[in-house]
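Just below is one structure, and these are the notes that go with it.
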Amino acid sequence: NIKNIQGESGSQSSSRGAGAMSGAAWTPERQAKQLLRHAVADLMCGVEFTSYFSCMDMIEALNGTTDNKQSYMDYGYFGVLGADFDDNGFASGEYTEKPAYYAYRNLCALLAEDPALVVLPVLMRKEPSPRLLGDDYYDLNMFRAGFRRPDGSTALAYWHPADLLTTAFEATVSFQVAGQMPAIRLADPMDGAVYELPDSMVERQSANCLILRNLPIRDYPLFLTFGAFVKYE
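Residues in the sequence shown are numbered from 367 upward in steps of one, following the working numbering.
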């Protein structure tokens, strides 16, 4: 009956950062992808709550002493807000939104009001993919998570767990879907875009079963939504 929580899940936006994972090939885009992946993965595990580290860039001061300024001038670039630092290492108060800031904002909007974690009747299919000059992605290591709101609307989050430090992955994937509400959309939390699926991507096999062909799959979560799950303007 013990419930789990998750804190300090995050990565840097620069290889210059001090502290955890310092020196790795982090970029602002890779930081945003890691944020989205870990936040959704935490929810997949049924945690009570999950938090991100951190709000803004800061001095790590891991081994600093107050009488030696150079000893504490080590910066951590974990923030979703980038900071400008003065000659003494203090943040100047000017902060800039990183891609991770917008990604986290969009993810929180997508999953607002605490939708329930559920298993959805969605199966991968291997279909011909003109965009890949071959077949769709079909890998049982694909991460996926289903969510349902009280009104019955649902969403499937899915992504390929590529190594973020070496690979930028994108492909297409097809799904067979049963018993979900109409109004199918695809939401991308990286930039907040919401797409209607064209008729060419949707085939109705029966009154209760659809095939969705050649949807994009990336190395961060995209959300396939059914019904009024996603609110947008």
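By construction, the Cβ of each residue, glycine as well, lies at the ideal position given by its N, Cα and C atoms.
Source: prediction; values computed, not measured.
Residue environment, residue i, which counts as buried when at least 16 other CB atoms sit within 10 Å
i	result
ILE323	This structure leaves residue 323 out entirely; the chain is present only between 367 and 599.
GLU374	exposed
ARG396	buried
ASP529	exposed
PHE589	buried
LEU489	exposed
GLY383	buried
GLY376	buried
Beta-carbon proximity of residue i to residue j, cut-off 8 Å
i	j	result
TYR586	VAL539	no
ALA523	VAL406	yes
ASP501	GLU493	yes
GLU426	GLY442	yes
LEU473	PRO555	yes
TYR598	VAL568	no
GLN378	THR416	no
VAL596	ALA553	yes
PHE451	PHE419	no
VAL413	ASN370	yes
LEU531	ALA386	no
ARG491	ILE577	yes
Opposing strand residues paired with residue i [DSSP bridges]
i	result
GLN400	Paired residues: none, contrary to the question.
ILE583	ALA537
ILE577	GLN542 and GLU569
PHE589	ALA523 and ALA553
LEU477	Answer by DSSP bridge pairing: none, since LEU477 is not bridged.
GLU562	ARG551
TYR461	ALA449
Option nearest residue i by Cα separation, candidates the options
i	options	result
ARG551	ASN574, HIS526, GLU414 and PHE592	PHE592
ALA573	ILE371, ALA544, LEU473 and ASP505	ALA544
PRO548	THR532, ALA398, ARG570 and GLY448	ARG570
ASP565	TYR598, LEU581, GLY383 and ALA559	LEU581
SER380	ALA449, ASN367 and GLN372	ALA449
TYR467	ILE368, MET567 and LYS399	LYS399
ASN507	PRO527, MET410 and ASP423	PRO527
GLY558	LEU477, GLY383, MET387 and PHE509	LEU477
ASP505	PHE541, LEU531 and GLY383	PHE541
CYS575	CYS421, GLY376, PRO487 and PRO465	PRO487
ARG510	CYS411, GLY376 and TRP392	CYS411
GLU536	ARG497, ALA390 and LYS435	ARG497
ASN454	MET424, TYR461, THR532 and PRO465	MET424
THR440	GLY389, ALA475 and GLU562	Looking at the sequence itself, residue 440 is Asp, so the reference to Thr does not match. That would be GLY389, whose Cα lies nearest to the Cα of ASP440.
Close-in-space but distant-in-sequence residues of the same chain around residue i (CB under 7 Å, 5 per side omitted)
i	result
SER437	ASN429, GLY430 and THR431
SER686	The requested residue 686 is not part of the displayed model; the chain covers only 367 to 599.
GLY518	MET547 and GLY593
ARG403	TRP525, TYR586 and PRO587
TYR470	LEU401, TYR418 and VAL446
Cβ shell of residue i (< 6 Å), same chain only, five flanking positions each side left out
i	result
PHE513	PRO481 and ALA521
ASP408	GLN372 and THR416
Own chain partners of residue i with C-beta closer than 8 Å, once the 5 adjacent residues on each side are dropped
i	result
LYS435	ASN454 and GLY455
MET422	GLY445, VAL446, LEU447, GLY448, ALA449, ALA457 and TYR461
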